[in-house]
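Shown next, in structure tokens, is the structure this report addresses.
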Amino acid sequence: MMRTESELVAPPRTHAVVPPPPPVPAARPPLLLFEQVSKWYGTVLALNQVTLELTGGITGLVGANGAGKSTLLRMANGQLKPTLGRVSVRGIDSWDWRARRLVGYCPDIDAFYEDLSGRRFVWVMARLCGYTRSESTRRTEAVLGRVGMTDRADRKLRGYSKGMRQRIKLAQALLHDPELLILDEPLSGIDPIGRQELLELFQALAAQGKCLLISSHELEALEKLTNHVVIMARGRVAAVGTLQQIRDLLDDHPLSVRIDVDRPREVARLLLETPEVLAVDVEPKLADGVAALVVKARNPKRFFELFGRLAVEHRLEVQRLEPLDESAHAILGYLLGGSGKT
Ligand SMILES: Nc1ncnc2c1ncn2[C@@H]1O[C@H](COP(=O)(O)OP(=O)(O)OP(=O)(O)O)[C@@H](O)[C@H]1O
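The numbering of the sequence shown is the numbering used here, which starts it at 3 and goes up by one.
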């Protein structure tokens, strides 16, 4: 029997029409991604195979002088290109203009036109971003309000306190309403009250949905602001995570320390009697009874406490004490409340 075309193609009436499944949304690329990034300035290796991902919230970037923080931030902002590896913002190369529209940057230096008022300076920056005069005015007032400077913005920049200067830098970084804010050393040189106010401002911006990446020499200052920290040492990421995760990591991280000390054999014996010490190598004599010991300790923090006690009890003459592992060295320095240099 012949079938008509409509019989052949029409779905059987008894079956419900099942709609196709909705397309699975593609995962959004991370807000900021460093993939195996290295950067040389001539012969100086400033960043060494850094891999890092930021998805939101506030991240503290901590490291001693020269650790590579500014280099990392300037790459995230698209001002510098990596020598090796890739830096991307939402999947776009960070130096591409489309990525730069997603990022606001506050440099560590204060390079202002000092005779301009704060309001005028921000307006000029808006014009340089390409906004019309009226749009620049609208955006300037909006960002001055956001950073709490509306009433103080008519004074000349040269009379501003460090905290006010920081707020103006923040205002210009917010002009294009970026998703990611990069702040290079925003707390340096700011007194405790100004510092507290800035921390509150950063928290308010994060609560409004901004992602903040903030560098500092001092872990203590950032600890008040965020639990998510990246510790850098000599161009490498030494640790990433919450402070608790970093402390736990260090607890499980044996440490090699070089100690130049008098009476080396006696000290080696004392150390080996403690459960904290896994091994001690005595190196050849340096001078006058002093020799270098290379000690492998189970837990760095407990080891330093123990060694401090031993040194006092036995009146040891310690000429040098130097962790041989750079990452643990830096992390330990911060966790003990220093500058990353133990
Ligand atoms: N333009 C440059 N030319 C040559 N070397 C540079 C340049 N900029 C930085 N460096 C070197 O690269 C390394 C990392 O510097 P970077 O400024 O990124 O560190 P940092 O952690 O921000 O330090 P600081 O806290 O002192 O600003 C340092 O050894 C520094 O001397």
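No residue lacks a Cβ here, since even glycine has one placed at the ideal position from N, Cα and C.
Measure the Cβ-Cβ separation of Ser163 and Gly196 and say whether it is below 8 angstroms. Yes.
Rounded Cβ spacing between Leu185 and Cys108 (contact assumed at less than 8 angstroms): 5 angstroms
Anyone know if the C-beta pair for Glu278 and Arg304 falls short of 8 angstroms? yes
With H, G and I counted as helix, E and B as strand and the rest as coil, what does DSSP make of Lys41? strand
Pick out whichever of Arg317, Leu35, Asp290 and Pro24 has its Cα sitting closest to the Cα of Glu55. Leu35
heavy atom of ligand 1 below 7 angstroms from Lys83 C-beta: Result no, Cβ not under 7 angstroms from ligand 1.
Taking Cβ positions, are Trp97 and Gly80 nearer each other than 8 angstroms? yes
Rounded C-beta distance between Val231 and Val64? I'm assuming under 8 angstroms. 6 angstroms
Less than 7 angstroms separating the Cβ of Tyr107 from some heavy atom of ligand 1? Checking the 7 angstroms criterion, the Cβ of Tyr107 is out of range of every heavy atom belonging to ligand 1.
Output the boundary residues of the alpha helix (DSSP H) element that contains Asp103. Per the sequence presented here, residue 103 reads as Arg, with Asp not at that position. For Arg103, there is no enclosing alpha helix (DSSP H), since its DSSP letter is neither H nor E.
Fully enclosed by the stretch 185 to 226, which alpha helix (DSSP H) runs are 4 residues long or longer? 194 to 209 and 221 to 225
Near ligand 1: His230 beta-carbon under 7 angstroms from a heavy atom: no
Reducing DSSP to helix, strand and coil, say where Leu54 ends up. Correct three-state label for Leu54: strand.
Between which residues of its own chain and Gly70 is the CB-CB distance below 6 angstroms, once the five residues before and five after are set aside? Ala48, Leu49, Met234 and Gly237
Of the residues Val292, Leu245, Thr276 and Leu273, which one's Cα is nearest the Cα of Val263? Among Val292, Leu245, Thr276 and Leu273, the Cα nearest to that of Val263 is on Val292.
Residues in its own chain within less than 7 angstroms of Asp112 by CB, not counting five upstream and five downstream? Arg167
Kindly examine ligand 1 and report whether one of its heavy atoms sits closer than 7 angstroms to the Cβ of Ser72. yes
I believe Leu182 touches Leu104 by the beta-carbon criterion, under 8 angstroms. Please report the beta-carbon distance rounded to the nearest angstrom. 6 angstroms
Beta strand (DSSP E) containing Thr244: first to last residue? Arg238 to Thr244
How is Ala78 classed by DSSP in three states: helix, strand or coil? Ala78 falls in the helix class under three-state DSSP.
Can you tell which of Pro286, His178, Ala240 and Gly93 has its C-alpha closest to the C-alpha of Lys212? His178
Following a CB-centred definition, is Ala240 positioned closer than 7 angstroms to any heavy atom of ligand 1? no
Quick one: grab the DSSP three-state call for Ser72. In the structure shown, Ser72 adopts helical secondary structure according to DSSP, grouped into three states.
Taking buried to mean at least 16 other C-beta atoms within 10 Å of its own C-beta, is Arg100 buried or exposed? exposed
Closest by C-alpha distance to Leu201, when choosing among Arg30, Lys298, Pro302 and Ile60: Ile60
Of the residues Glu268, Glu285, Pro256 and Leu214, the one placed nearest Ala299, counting alpha carbons only: The candidate whose alpha carbon is nearest that of Ala299 is Pro256.
CA-CA distance, Glu199 and Leu215? 18 angstroms
Which of the three DSSP states is assigned to Asp283 in this structure? Asp283: strand per DSSP, three-state reduction.
With a CB to CB cut of under 8 angstroms and the five nearest residues on each side skipped, what residues in its chain are close to Arg129? Arg135 and Ser138
Option nearest Tyr115 by Cα separation, candidates Lys171, Arg88, Gly132 and Thr152: Lys171
Per DSSP, which one or two residues make a beta bridge with Tyr107? Ile184
Glu137 by DSSP, collapsed to three states: which one? In this structure, Glu137 counts as helix in the three-state DSSP scheme.
Looking at the strands, I want to know which residues DSSP matches up with Arg88. Glu37
Is Tyr115 close to ligand 1? I mean its beta-carbon at under 7 angstroms from any heavy atom of the ligand. no
Ligand 1 heavy atoms versus the CB of Tyr133: any closer than 7 angstroms? no
Only counting the same chain, and skipping five residues up and downstream in sequence, which positions put a Cβ closer than 7 angstroms to that of Gly93? Pro31
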